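Trainee: Numbering (this note's numbering), first residue to last: 1 to 183.
Note that CB positions come from ideal geometry on N, CA and C, so glycine has one too.
The structure displayed is predicted, hence computed values, not measured ones.
A single structure is presented below for examination.
So, in structure tokens, the structure goes:
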């Protein structure tokens, strides 16, 4: 909104940003407790709203104990995609203006990736969503790609634009995709 972030107090800036890390830590507590970790005093309604916005409510409704389901060590009872959605709900419960996700689709199968990217697109309607990604499939679903290589901004535009106009981007994706393929 035209605010220079350098003029904000650090605490104020932190309140406006939510992070979801590639391997988010889940605790051996209930799913509700894990979501509320982002805002300990949040109401049941706020916790459920965050789960809905994160695309987690559907699978939570199928669990016998729903939000009261106790997670095993590091969320062992959930799939990788389900853990990711719990982590997103944890970030969303704080209602951040900016949501930053580090490789949110890396461990997901194509169907789960597509569902998560649909959720992230919906979330981008009322906040800035930044995704750190290396997979071409993920990048192709983003509105804008900012390609940083060796510490410098090389190009920005849509995935298709960068494929067409930026040889460094094409080379990077070629190397990255070949490194990710199983042998």
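Throw me the rounded Cβ distance for the residue 25 and residue 93 pair, which I believe falls under 8 Å.
Mentor: With 8 Å as the limit, residue 25 and residue 93 do not qualify as a contact, their Cβ atoms being about 16 Å apart.
Trainee: Anyone know if the C-beta pair for residue 18 and residue 99 falls short of 7 Å?
Mentor: Yes, these two residues count as a Cβ contact at 7 Å.
Trainee: In the DSSP assignment, find the unbroken beta strand (DSSP E) run with residue 153 in it and report its ends.
Mentor: 152-157
Trainee: Return the chain-ordered list of same chain residues with a C-beta closer than 8 Å to the C-beta of residue 13, the five sequence neighbours on each side being excluded.
Mentor: 5
Trainee: Who are the near neighbours of residue 53 in its chain, counting only those whose CB is closer than 6 Å to its CB and skipping five residues on each side?
Mentor: So the qualifying residues of the chain are 92.
Trainee: Could you check what DSSP says for residue 18 in three-state terms: helix, strand or coil?
Mentor: strand
Trainee: Less than 7 Å between C-beta atoms, sequence neighbours within five positions excluded: which residues of the same chain meet that for residue 149?
Mentor: Here the set comprises 168, 172.
Trainee: DSSP beta-bridge partners for residue 99?
Mentor: 18, 129
Trainee: Relative to the C-alpha of residue 113, which candidate in 141, 130, 89, 95 has its C-alpha closest?
Mentor: 141
Trainee: Nearest CA to the CA of residue 138: which residue from 46, 71, 118, 166?
Mentor: 118
Trainee: Give me the Cα-Cα distance between residue 15 and residue 102, rounded to the nearest whole angstrom.
Mentor: Going from the Cα of residue 15 to the Cα of residue 102 covers about 18 Å.
Trainee: What are the complete beta strand (DSSP E) segments, minimum 3 residues, inside the region 49-124?
Mentor: 98-102
Trainee: What are the residues that DSSP puts in a beta bridge with residue 149?
Mentor: 152
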